[in-house]
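Undergrad:
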Amino acid sequence: MEKGKILLAVTGFHPQRWRELLSAEREVVLEPDGASDPSITYAVVWKQKPNLLKSLPNLRAIFSIGAGVDHIFADPGLPDVPIVKVVADNLTQYMTEYVVWRVLDHHRQGMLYRAQQPKKIWHEPPQRPAGDISVGIMGLGNLGRAAASVLLSLGFAVNGWSRSDKAMKGVSTYAGEAGLIPFLNATDILVVLLPLTPDTHGIINHGVLKELRKRNGLGGSVLINAGRGRLQKDADILRALDDGTLKEASLDVFEVEPLPKTSPLWGHPKVFVTPHAAATSDPVHLAPGMLRQMDAFERGEKLDNLVDRKAGY
Ligand code: NDP
Ligand code: OXD
6 MEKGKILLAV TGFHPQRWRE LLSAEREVVL EPDGASDPSI TYAVVWKQKP NLLKSLPNLR
66 AIFSIGAGVD HIFADPGLPD VPIVKVVADN LTQYMTEYVV WRVLDHHRQG MLYRAQQPKK
126 IWHEPPQRPA GDISVGIMGL GNLGRAAASV LLSLGFAVNG WSRSDKAMKG VSTYAGEAGL
186 IPFLNATDIL VVLLPLTPDT HGIINHGVLK ELRKRNGLGG SVLINAGRGR LQKDADILRA
246 LDDGTLKEAS LDVFEVEPLP KTSPLWGHPK VFVTPHAAAT SDPVHLAPGM LRQMDAFERG
306 EKLDNLVDRK AGY
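In my numbering, the protein residues as written are 6 to 318.
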């Protein structure tokens with residue numbers, strides 16, 4: 006079979022490096038060119054323009070540039086072809102680093118020391134063993150499980166919440182709606198690594214944050230969200246920080262991105278902001294895997310890391 010052509014349709018960053026790497030093996034057309042081109046069989050996308058993909062009469066598969074695929078489902082005219090998401094060691098490693106970095110910073114009172122330093126305050130708060138802190142990972146998927154295993158190795162107690170029952174050695178697991186409150190009640194630091202779907206939209210709200218365990222060595226509960234911004238209600242997080250429901254938060258994702266300059270989250274003393282940078286999709290590491298999958302697909306093999314269209318992730 007002839008090697009299918011790729012449409013590269015990305016919004017929000019430069020496609021140049023992706024184009025160079027993908028075109029080493031296949032012809033690549035950069036959007037806005039290519040609409041309706043019958044020789045295009047694959048689309049490699051990040052936030053593609055609505056209804057663009059349905060104009061391609063011979064599209065056979067869509068490859069997401071990210072692990073999350075909510076940006077693809079936002080298209081009202083999404084054609085019914087397989088969607089492949091990113092599952093890659095390099096991305097998983099980045100996310101694990103981010104989660105461990107933020108958990109350790111909250112655990113070791115980074116915010117307090119950063120506030121003390123400009124005032125030249127020499128004060129050591131009590132130190133607690135990691136084992137006294139339970140980190141609850143919401144979304145025990147590829148990224149959540151990898152972060153969980155490193156947190157376990159550091160001695161933290163780890164809980165995990167997922168849609169279906171999941172077993173992981175050393176992790177207390179909870180599933181579904183029935184498992185949510187028990188999971189939150191047993192969690193000091195909540196790490197959100199969920200996909201954005203109709204079921205998870207707005208799940209991080211004041212009511213949920215109120216269920217987190219507060220009587221712990223940290224002096225309050227902590228939120229870390231590296232999943233998606235629209236999982237959370239920014240206003241509820243601010244309220245929770247201000248009324249003591251939350252002690253601190255590390256946020257990589259926001260309801261609106263880039264985070265508007267007017268957002269009070271930027272200047273909040275208990276919030277650590279990163280610009281959706283927890284785990285970057287590096288084309289050098291990801292493009293070869295996409296090309297391999299296209300070759301395998303054309304040999305009649307199955308695609309890996311397929312999105313479950315009904316579940317939305
Ligand atoms: P996976 O699909 O491997 O895992 C998703 C996890 O979430 C699974 O455990 C799944 O449950 C669980 N889940 C989904 N829906 C629900 C629900 N309604 N209730 C409870 N649990 C649910 O995804 P990844 O781990 O690869 O990625 C997770 C997300 O991280 C991505 O979707 C993306 O949004 C975000 N991300 C953010 C990045 C950043 O830079 N900030 C970078 C990369 C990803 P089950 O196991 O039962 O299926
Ligand atoms: C992703 C992301 O989903 O970068 O991979 O957010």
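Built from N, CA and C at the ideal position, the CB exists for glycine as well.
Buried or exposed for Trp127, please, with buried defined as at least 16 other CB atoms from any protein chain shown within 10 angstroms of its CB.
TA: So Trp127 ends up on the exposed side.
Undergrad: For a quick check, are the C-beta atoms of Tyr318 and Thr178 less than 8 Å apart?
TA: No, the Cβ-Cβ distance between Tyr318 and Thr178 is not below 8 Å.
Undergrad: Could you have a look at Ile88 and say whether DSSP puts it in helix, strand or coil?
TA: Of the three classes helix, strand and coil, the one that applies to Ile88 here is strand, per DSSP.
Undergrad: Return yes when the C-beta of Lys124 is under 7 Å from any heavy atom of ligand 1, and no when it is not.
TA: No - ligand 1 has no heavy atom lying nearer than 7 Å to the Cβ of Lys124.
Undergrad: Tell me whether Thr267 sits in a helix, a strand or coil according to DSSP, three-state version.
TA: DSSP places Thr267 in coil when its eight states are reduced to three.
Undergrad: So, do the region 163-176 and the region 277-294 have three or more beta carbon pairs nearer to each other than 8 Å?
TA: Contact fails: fewer than three Cβ-Cβ distances are below 8 Å.
Undergrad: Unbroken beta strand (DSSP E) runs of length 3 or more, entirely within the region 83-153: which are they?
TA: Taking only runs of at least 3 residues, the beta strand (DSSP E) segments lying wholly in the region 83-153 are 139-143.
Undergrad: With distances taken Cα to Cα, identify the nearest neighbour of Pro87 among Leu156, Ala66 and Gly141.
TA: The candidate whose alpha carbon is nearest that of Pro87 is Ala66.
Undergrad: Here's the rule I'm using: 16 or more other beta-carbon atoms within 10 Å means buried, otherwise exposed. How should Arg168 be labelled?
TA: Buried, since its Cβ has 16 or more Cβ neighbours within 10 Å.
Undergrad: Quick one, are the C-beta atoms of Asp257 and Ala240 less than 8 Å apart?
TA: Not closer than 8 Å, so no.
Undergrad: Anyone know if the C-beta pair for Val222 and Arg133 falls short of 8 Å?
TA: This sequence places Gly at residue 222; Val is not what is there. For Gly222 and Arg133, yes; Cβs fall inside 8 Å.
Undergrad: Residues around ligand 2, please: the ones whose beta-carbon is closer than 7 Å to some heavy atom of it, in chain order.
TA: Going along the chain, the residues that qualify are Gly71, Ala72, Gly73, Val91, Leu96, His281, Ala284, Thr285 and Ser286.
Undergrad: Please report the residue range of the alpha helix (DSSP H) in which Gly181 lies.
TA: Gly181 -> alpha helix (DSSP H) spans Gly181 to Asn190.
Undergrad: Straight-line CA distance for Val49 to Trp23?
TA: Whole-angstrom Cα-Cα distance: 9 Å.
Undergrad: Decide if Ile186 is buried, meaning its Cβ has at least 16 other Cβ atoms within 10 Å, or exposed.
TA: Burial call: exposed.
Undergrad: Ends of the beta strand (DSSP E) at Lys10?
TA: Taken as a continuous stretch (DSSP letters only), the beta strand (DSSP E) holding Lys10 covers Lys10 to Val15.
Undergrad: Give the straight-line distance between the Cα atoms of Val33 and Pro84, rounded to the nearest whole angstrom.
TA: Their Cα atoms are separated by approximately 20 Å.
Undergrad: Are there any heavy atoms of ligand 1 lying less than 7 Å away from the beta-carbon of Ala162, as far as the coordinates show?
TA: False, no ligand heavy atom lies under 7 Å from that Cβ.
Undergrad: Give every residue of the same chain whose Cβ lies closer than 8 Å to the Cβ of Leu199, excluding the five residues on either side of it in the sequence, and list them in chain order.
TA: Taken in chain order, the residues that qualify are Met143, Gly144, Thr205, Ile208, Gly232, Arg233 and Leu236.
Undergrad: I need the straight-line Cα distance from Thr250 to Asn190, nearest angstrom please.
TA: If you take the alpha carbons of Thr250 and Asn190, they lie about 13 Å apart.
Undergrad: When the distance is taken between beta carbons, is Ser44 closer than 8 Å to Lys10?
TA: Going by C-beta atoms, Lys10 is nearer than 8 Å to Ser44.
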